[in-house]
Amino acid sequence: MAEQERMAEAVLFASAEPVSVRDLEARMPHGSDAAEALVHLRKRYEGRGVRVVKVGDAWAFRTAPDLGYLMQKETVETRKLSRAAIETLAIIAYHQPCTRAEIEEIRGVSVSRGTIDQLLEMEWIRFGRRKMTPGRPVTFVVTPQFLDHFGLETARDLPGLKELRAAGLLENRPPPGPLGLAEEEDEDDEVIEGQSELFED
């Protein structure tokens, strides 16, 4: 029986799928008692890191339930945002609280429901207070999850125009037209200085 137990152990260990008693007996020498060998094998593995368990009508090695946490692996799921979602998120972050109409006015195009829903599902934005204007439209604000993801303490820590330009994320040259560089810089300063007003309730 000890030899039969070893045979059953070898087959279960090498098999990627659970093995039935019939399959075990077909592999073992004629006259072997696979069922009895499994009973002995199961007792031998009690209290060990792996156990012999019955899976339906078959048998297999499985990790002990109390050690299952060792087999878990956390992975970070990367979800790419569309350009529309990135623009919408940026507008909400810099102009919060803002309504859908305000987002559309800044972007120059309508915002699809799917874009807002995706950001809500990711928990990067949430509904803010309703605006005290006709129709009482709902507003959107960024969430603590958004701040945590980007390593920000508050939304006021978002980079300003000068920082974005220094990082190469914005054009350094002035927009086409009669405006000079000095006038553009003055305009930027006014935007940056007034930026905190955007985040007041």
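Using the working numbering, you'd call the opening residue of the sequence shown number 109 and step up by one each time. Cβ atoms here follow ideal geometry from the backbone N, Cα and C, with glycine treated the same way.
C-alpha gap between residue i and residue j, whole angstroms
{"i": "E113", "j": "E125", "result": "19 Å"}
{"i": "Q204", "j": "V184", "result": "28 Å"}
{"i": "S128", "j": "E154", "result": "20 Å"}
{"i": "R208", "j": "T247", "result": "7 Å"}
{"i": "G216", "j": "R237", "result": "24 Å"}
{"i": "C206", "j": "K181", "result": "39 Å"}
{"i": "H138", "j": "R152", "result": "24 Å"}
{"i": "Q226", "j": "T251", "result": "14 Å"}
{"i": "R130", "j": "K162", "result": "14 Å"}
{"i": "L266", "j": "Y202", "result": "8 Å"}
{"i": "R156", "j": "L178", "result": "14 Å"}
{"i": "G176", "j": "E271", "result": "47 Å"}
{"i": "K53", "j": "E111", "result": "With the chain running from 109 to 309 in the structure shown, residue 53 is simply not present."}
{"i": "F235", "j": "I214", "result": "19 Å"}
{"i": "H257", "j": "D174", "result": "32 Å"}
{"i": "R221", "j": "S190", "result": "13 Å"}
{"i": "E308", "j": "E212", "result": "Annotation note: pLDDT 41 at E308 (below 50); position unreliable, coordinate value reported separately. In a straight line, the C-alpha of E308 is about 21 Å away from that of E212."}
{"i": "A274", "j": "S123", "result": "59 Å"}
Under the three-state DSSP convention, the category residue i falls into
{"i": "L120", "result": "helix"}
{"i": "R238", "result": "coil"}
{"i": "V184", "result": "coil"}
{"i": "V246", "result": "coil"}
{"i": "R156", "result": "coil"}
{"i": "P262", "result": "Contrary to the premise, residue 262 reads as Thr rather than Pro in this sequence. Coil at T262, not helix or strand."}
{"i": "T207", "result": "strand"}
{"i": "E308", "result": "Confidence is the limiting factor: at E308 the pLDDT is only 41, short of 50, which leaves the residue's position unreliable and the question unanswerable from this model."}
{"i": "A145", "result": "helix"}
{"i": "V129", "result": "helix"}
{"i": "A166", "result": "strand"}
{"i": "T251", "result": "coil"}
Cβ-Cβ separation, residue j to residue i (assumed contact under 8 Å), whole Å
{"i": "E231", "j": "Q253", "result": "5 Å"}
{"i": "I200", "j": "V249", "result": "7 Å"}
{"i": "V158", "j": "A142", "result": "V158 to A142, Cβ: 19 Å. No contact."}
{"i": "L255", "j": "A263", "result": "7 Å"}
{"i": "A145", "j": "M109", "result": "7 Å"}
{"i": "L132", "j": "V119", "result": "6 Å"}
Closest by C-alpha distance to residue i, when choosing among the options
{"i": "V219", "options": "D265, L146 and L197", "result": "L197"}
{"i": "F121", "options": "S140, H257, R156 and F169", "result": "F169"}
{"i": "T241", "options": "E271, E210, H257 and R221", "result": "E210"}
Contacts around residue i, its chain only, beta-carbon distance under 6 Å, and the 5 residues preceding and following it disregarded
{"i": "A192", "result": "T223"}
{"i": "R244", "result": "R238"}
{"i": "A166", "result": "P126, V127 and S128"}
{"i": "L287", "result": "Its pLDDT being 41, under 50, L287 is placed unreliably by the model, and the measurement read from it follows with that caveat. Hits under 6 Å: none found."}
Proximal residues to residue i (C-beta, below 7 Å), its chain only, five neighbours per side dropped
{"i": "L149", "result": "E113, A116, E117 and V160"}
Contact set for residue i: own chain, Cβ-Cβ below 8 Å, skip 5 residues either direction
{"i": "G164", "result": "P126"}
{"i": "I233", "result": "L197, I200, I224, L227, F248, V249, V250, T251 and F254"}
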